[in-house]
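Data block below; observations after.
In the working numbering, the protein residues as written are 43 to 424.
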């Protein structure tokens with residue numbers, strides 16, 4: 043027993059340290075959940091005039107705040123309550139944060155409490171329909187709402203991708219195993235989103251390219267985030283555990299500060315392209331209607347044929363006149379083959395001949411079509 047007792051004591055101490063690391067990582071996870079609710083609340087208070095602006099504001103604020111919390115909170119917690127000089131608990135905490143970030147998003151989407159409550163309401167309405175349809179307390183509108191699929195949030199999916207990228211980049215040199223956790227989480231989240239989008243959820247709101255460009259532009263800051271993460275961890279090991287000391291020393295490094303300043307200046311001045319204006323969200327209905335997936339005239343069987351003719355007329359008119367009011371419009375319309383059925387249209391435009399001859403032939407055909415005033419879309423009402 044004299045030989046077994048030290049090993050048993052060491053094993054118990056290791057289990058105790060793992061539990062402490064898990065509890066410390068739970069602090070970060072709980073704070074991240076609170077940050078999400080706070081960001082949603084204050085973003086809704088702004089009352090932005092479009093869903094795209096709301097999603098962009100939510101993604102930027104949520105990813106930024108969550109990154110600072112997940113990047114610096116472990117150092118603050120371990121600097122305050124970790125009594126050991128080694129970084130074993132800190133590394134375990136970082137791996138727990140990686141694992142929690144990878145699995146929480148898919149799990150919350152699959153085991154959604156509101157979705158199960160919606161299923162309960164659907165079952166209740168079906169029972170009324172089967173046994174006592176006349177005494178059903180639900181109206182037709184309420185029944186339609188309960189039988190709709192859950193809303194698919196594109197903002198949450200983009201925010202998960204953004205926070206996973208910045209968190210993995212920050213801790214890449216410290217916990218390489220966390221990269222595997224992040225890749226696993228992204229793959230699982232992709233298939234969960236795909237299944238819900240195609241099978242369960244209702245149709246999401248139409249988005250423009252602003253959110254995608256925001257995410258793509260943020261990728262250029264990942265090398266700087268990686269360097270800062272390496273410097274911060276090395277400063278914690280070799281210099282001091284005080285997080286404020288890291289910031290003061292970081293700005294005292296003349297070469298590092300000058301290099302980051304020059305890189306940021308070059309990015310903002312030389313390589314940062316200004317967004318072309320007017321954007322699609324700021325264009326008029328006449329300019330942007332060719333990009334809509336569908337509208338009332340196209341889904342109405344009575345006006346569908348005339349609406350398709352007007353839509354083709356607007357495309358050919360913009361192509362010939364080369365107005366160029368919307369960015370990338372002419373480039374999109376000059377493709378050799380354009381299949382618009384994938385975007386809700388019922389017309390195929392296949393250009394197997396030269397561009398000029400096709401345009402002239404289409405214009406001659408469309409000029410012979412006499413459109414009645416009733417088929418003209420009322421722009422003011424739309």
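We put the CB at the ideal spot given by N, CA and C, even for glycine.
On a predicted model such as this, the values are computed, not experimentally measured, just so you know.
First through last residue of the alpha helix (DSSP H) which encompasses residue i
i, result
"residue 197", "196-212"
"residue 326", "Here residue 326 belongs to no alpha helix (DSSP H), and DSSP marks it neither H nor E."
"residue 263", "No alpha helix (DSSP H) contains residue 263, which DSSP labels as neither H nor E."
"residue 231", "219-237"
"residue 186", "182-189"
"residue 32", "This structure does not reach residue 32, given that the chain is present from 43 up to 424, and the question cannot be answered."
Secondary structure of residue i, DSSP reduced to three states
i, result
"residue 10", "No answer is possible for residue 10: it lies beyond the span of the chain, which begins at 43 and ends at 424."
"residue 477", "Residue 477 lies beyond the stretch modelled for the chain, which goes from 43 to 424, so this question has no answer here."
"residue 166", "helix"
"residue 270", "helix"
"residue 154", "coil"
"residue 344", "coil"
"residue 305", "helix"
"residue 85", "helix"
"residue 73", "helix"
"residue 251", "coil"
"residue 370", "At residue 370, the pLDDT of 46 sits below 50, so the modelled position is not reliable; the number obtained from the coordinates is stated separately. Three-state result, residue 370: coil."
"residue 105", "helix"
"residue 116", "helix"
"residue 243", "coil"
"residue 135", "helix"
"residue 414", "Confidence at residue 414 is low in this model, with a pLDDT of 44, below 50, so the placement of that residue should be treated as unreliable; the coordinate-derived value is given next. Coil, per DSSP."
"residue 67", "helix"
"residue 398", "In this predicted model, residue 398 has a pLDDT of only 46, less than 50, meaning its place in the structure is not dependable; the value taken from the coordinates is given anyway. Of the three classes helix, strand and coil, the one that applies to residue 398 here is helix, per DSSP."
"residue 130", "helix"
"residue 356", "helix"
"residue 80", "helix"
"residue 256", "helix"
Inter-residue spacing [alpha-carbon to alpha-carbon] between residue i and residue j
i, j, result
"residue 266", "residue 110", "14 Å"
"residue 87", "residue 195", "19 Å"
"residue 135", "residue 233", "28 Å"
"residue 241", "residue 193", "12 Å"
"residue 169", "residue 161", "12 Å"
"residue 235", "residue 199", "8 Å"
"residue 183", "residue 150", "28 Å"
"residue 117", "residue 249", "38 Å"
"residue 84", "residue 252", "21 Å"
"residue 326", "residue 90", "19 Å"
"residue 350", "residue 244", "26 Å"
"residue 155", "residue 202", "20 Å"
"residue 343", "residue 166", "35 Å"
"residue 99", "residue 148", "23 Å"
"residue 82", "residue 72", "16 Å"
"residue 254", "residue 78", "21 Å"
"residue 231", "residue 171", "37 Å"
"residue 275", "residue 113", "10 Å"
"residue 360", "residue 346", "21 Å"
Point to revise | Touching by the beta-carbon criterion (3+ pairs, under 8 Å), the segment 100-113 and the segment 175-194 | key: Touching, no, given that fewer than three Cβ pairs across the two stretches are closer than 8 Å.
Check your understanding: For the segment 268-275 against the segment 195-215, are there 3 or more C-beta pairs whose distance is under 8 Å?
Key -> yes
Practice item. Assess, as a yes-or-no matter, whether the segment 252-264 is touched by the segment 164-177 under the definition of 3 or more beta carbon pairs within less than 8 Å. Key: no
Exercise for review: Would you check if the segment 61-78 and the segment 133-152 touch, i.e. whether three or more CB-CB distances between them fall below 8 Å?
Suggested key: yes
**Study point:** the segment 142-154 contacting the segment 222-239, beta-carbon criterion three pairs below 8 Å
**Key:** Three or more Cβ pairs closer than 8 Å define a contact, and the segment 142-154 meets that threshold against the segment 222-239.
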